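> My questions all concern the structure below.
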Amino acid sequence: MKTILVAGGAGYIGSHMVALLVKRGYEVVVADNLRTGHWQAVKGARKMYVGDLRDGAFLHQIFTENKIDGVINFAAFSLVGESVTNPLKYYGNNVEGAVSLLSAMQAHGVDKIVFSSTAAAYGEPEKQPIEEGDRTEPTNPYGATKLAIENMLKWCDCAYNIRYVALRYFNAAGSDTEAGIGEDHNPESHLIPLVMKTALGQRDHIGIFGEDYPTPDGTCVRDYIHVKDLAEAHLLALEYLERGGSSDVFNLGNGAGYSVREIIETARRITGKEIKAVVEPRRGGDPSVLIASNKKAAEVLGWKPVLGLDQIVSDAWAWHSGHPNGYEG
Ligand code: UDP
């Protein structure tokens, strides 16, 4: 049985990864500092280590107590706005954490890593849908830290033969209703959970950040991908590396775009709630359209997202209505 270290396994996407790995018969070890993650979200792991990736002794303990076959790294701060006002917090946690993790992997002879990257690595896109070879010029420090780690991984492959797959996520949403886990960020900044909180009556309205974009209804268009489809992609990436696949980068998105208004409409239909929406000023740094080409992941990894927008919204609703106060509820 293979043992996988999931760094950041108590976070939103990391916890869904843990649930899937356990379901597929992997042994899972989690490392998380619980700064933004929730211990309650970690289901079925053999052991959870609470500590910081930058702590070399902490990692040494994990790698000596467990025979790790591969690593999946989700551990990062991910608030775009905060990264602009506090870039060193992001370089410190995200980049230094990854340096430390790779050093431990090298020291302990672990040679496979799946890395959680982001569409923010592209910045303002040149064209739609976005392909992996397109220009990468992040417009915020969050995206810049993820891209810096992607570059570091490339050099670590050359120097130490640590092979990697970097996965650039578009807009992750939804939940694993069977595992009883979901999205619980504090503060929450993402559209779908905020719409759910509005449907629950926890907020008076959802703000629509700008309706003067060059899109069909004037609101921003994004590519929403179910968190369970994302987790499946990581597993395929891991299996690809286990088969000897070479290091590579893949987009993870549905390949379809929905506007902010379309998301709100879908949520009204699925929840049966009114969900008041108020147009507000644009949010700084938002590109008008972000849609992934997922062709490369389909061809190389054999990944096809199967859960569409209705499933994303209904699973998000199941989580939020069942856990109105998140994991603390
Ligand atoms: N958005 C919005 N109101 C909100 C939160 C987000 O209109 O309260 C918009 C945001 O401007 C973007 C889209 O919804 O166009 C998705 O934003 P989110 O923060 O969920 O993800 P991002 O695309 O920034 O990764």
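Count along the sequence shown starting at 1, add 1255, and that's the number in the numbering used here. Backbone N, C-alpha and C fix where the C-beta goes; we use that ideal spot for every residue, glycine too. Fair warning: this is a prediction, and the values are worked out from it, not measured in the lab.
What ranges does the beta strand (DSSP E) occupy inside the stretch 1364-1434, keeping only unbroken runs of at least 3 residues that lie completely in it?
With a minimum length of 3 residues, the continuous beta strand (DSSP E) runs that stay inside the stretch 1364-1434 are 1367-1373, 1418-1424, 1426-1428.
> Under the criterion of a Cβ to heavy atom distance below 6 Å, does LEU1308 qualify as lining the ligand UDP?
No - the ligand UDP has no heavy atom lying nearer than 6 Å to the Cβ of LEU1308.
> Under 8 Å, with one C-beta from each stretch per pair, do the stretch 1476-1487 and the stretch 1419-1433 reach the 3-pair mark?
The answer is yes - the stretch 1419-1433 touches the stretch 1476-1487, with three or more Cβ pairs under 8 Å.
> Quick one: does the C-beta of HIS1575 sit closer than 6 Å to a heavy atom of the ligand UDP?
No.
> Who are LEU1507's beta bridge partners in DSSP?
Partner(s): TYR1424.
> Counting Cβ pairs closer than 8 Å, one from the stretch 1287-1298 and one from the stretch 1450-1459, do we hit at least three?
No, the stretch 1287-1298 does not touch the stretch 1450-1459.
> Work out the CA separation of PRO1380 and ASP1389 for me, nearest whole Å.
Using only the alpha carbons, I get a separation of about 8 Å.
> With DSSP as the reference, label PHE1332 as helix, strand or coil.
PHE1332: coil per DSSP, three-state reduction.
> Starting from GLU1466 and walking both ways along the beta strand (DSSP E), at which residues does that stretch end?
Careful: GLU1466 lies outside any beta strand (DSSP E) and carries neither H nor E.
> May I ask you to check if the CB of ARG1538 is nearer than 6 Å to at least one heavy atom of the ligand UDP?
Result yes, Cβ under 6 Å from the ligand UDP.
> Please list the terminal residues of the continuous beta strand (DSSP E) segment that includes TYR1495.
Note, TYR1495: premise wrong, no beta strand (DSSP E); alpha helix (DSSP H) at 1482-1497.
> Measuring CA to CA, which of GLU1520, VAL1515, MET1256, LYS1298 is closest to HIS1445?
HIS1445 has its Cα closest to that of VAL1515, out of GLU1520, VAL1515, MET1256, LYS1298.
> Assess contact between the stretch 1361-1371 and the stretch 1312-1329, defined as three or more Cβ pairs (one per stretch) separated by less than 8 Å. Is contact present?
A contact exists between the stretch 1361-1371 and the stretch 1312-1329.
> Output the boundary residues of the beta strand (DSSP E) element that contains ILE1546.
Segment: none, ILE1546 is in no beta strand (DSSP E) and carries neither H nor E.
> Cβ of GLY1508 within 6 Å of any heavy atom in the ligand UDP?
No, the ligand UDP has no heavy atom inside 6 Å of this Cβ.
> How would you label MET1360, buried or exposed, when you count the other beta carbons within 10 angstroms and need 16 or more for buried?
Per the 10 Å Cβ criterion, buried.
> With three or more beta-carbon pairs closer than 8 Å as the criterion, would you say the stretch 1551-1564 touches the stretch 1488-1499?
As far as the Cβ criterion goes, the stretch 1551-1564 touches the stretch 1488-1499, which means the pair count is three or higher.
> Given this structure, state the Cα-to-Cα distance separating ASP1307 from LYS1278, to the nearest angstrom.
Looking at the two C-alpha atoms, the distance is approximately 27 Å.
> Given the structure, does ARG1477 come close to the ligand UDP, in the sense that its CB is under 6 Å from one of the ligand's heavy atoms?
True, at least one ligand heavy atom lies under 6 Å from that Cβ.
> Rounding to the nearest angstrom, what Cα-Cα distance links VAL1524 and LEU1455 in this structure?
Reading off the sequence, residue 1524 comes out as Arg, not Val. In a straight line, the C-alpha of ARG1524 is about 14 Å away from that of LEU1455.
> Leaving out the 5 sequence neighbours to the left and right, which residues in its chain are closer than 8 Å to GLN1566 when beta-carbon positions are compared?
Cβ within range, chain order: GLY1429, HIS1481.
> With H, G and I counted as helix, E and B as strand and the rest as coil, what does DSSP make of TYR1479?
TYR1479 falls in the strand class under three-state DSSP.
> Give the secondary structure of TYR1304 by DSSP, where H, G and I count as helix, E and B as strand, and everything else as coil.
DSSP places TYR1304 in strand when its eight states are reduced to three.
> Would you kindly work out how many angstroms separate the C-alpha atoms of PRO1542 and MET1256, rounded to a whole number?
Straight-line Cα distance between these residues: approximately 44 Å.
> Suppose you measure from the CA of GLU1535 to the CA of GLY1473; what does that come to, to the nearest Å?
Their backbone Cα atoms lie some 12 Å apart in a straight line.
> Any heavy atom of the ligand UDP inside 6 Å of the beta-carbon of HIS1315?
HIS1315 Cβ: outside cutoff for every heavy atom of the ligand UDP.
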